[in-house]
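Student: Sharing a structure, written as structure tokens. Questions coming.
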Amino acid sequence: MRLPALQSLHRLLALTFARKTSRLAPVERKFLRKYLGFSSASFAQTIGVADETVLAWESGEKSMPVKTEVWLRLTVAMRKRLESYDSTTPRTGTTPRRPPTFEVHASA
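Whatever position you read off the sequence shown (first residue = 1), add 205 for the numbering used here.
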């Protein structure tokens, strides 16, 4: 299998897991972590838990908290959006001086 085809397959699997309506299975958690490029240690450090906790989630010994699972799913979804944006954005050869700013107004 060609490498681009394998990458497309991984992307498709990751998005399928991220969009499913039921909780992630331990093997799906591990797949998504690896898809995002995290080692178990770097993932643990990023989300602020012990390495053993990540291993317990991925072995099915412990259930991953819902908020962590939501973060994992959203991170996969955002990666897809960023990849899509990056591939369709024309390159001008110039870098903006500063990033755009956004204002948020609270309604009464």
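Yeah, the Cβ is synthetic: ideal placement off N, Cα and C, and Gly gets one too.
Which same chain residues, not among the five before or five after W276, have their C-beta less than 8 Å away from its C-beta?
Tutor: Closer than 8 Å at Cβ, skipping near neighbours: I252.
Student: Which runs of the alpha helix (DSSP H) fall wholly inside the stretch 214-291 and span at least 4 residues, in chain order?
Tutor: The stretch 214-291 contains these whole alpha helix (DSSP H) runs: 231-240, 245-252, 256-264.
Student: Leaving out five residues on either side along the sequence, give the residues of the same chain with a beta carbon under 8 Å from the beta carbon of L220.
Tutor: So the qualifying residues of the chain are V281, A282, K285.
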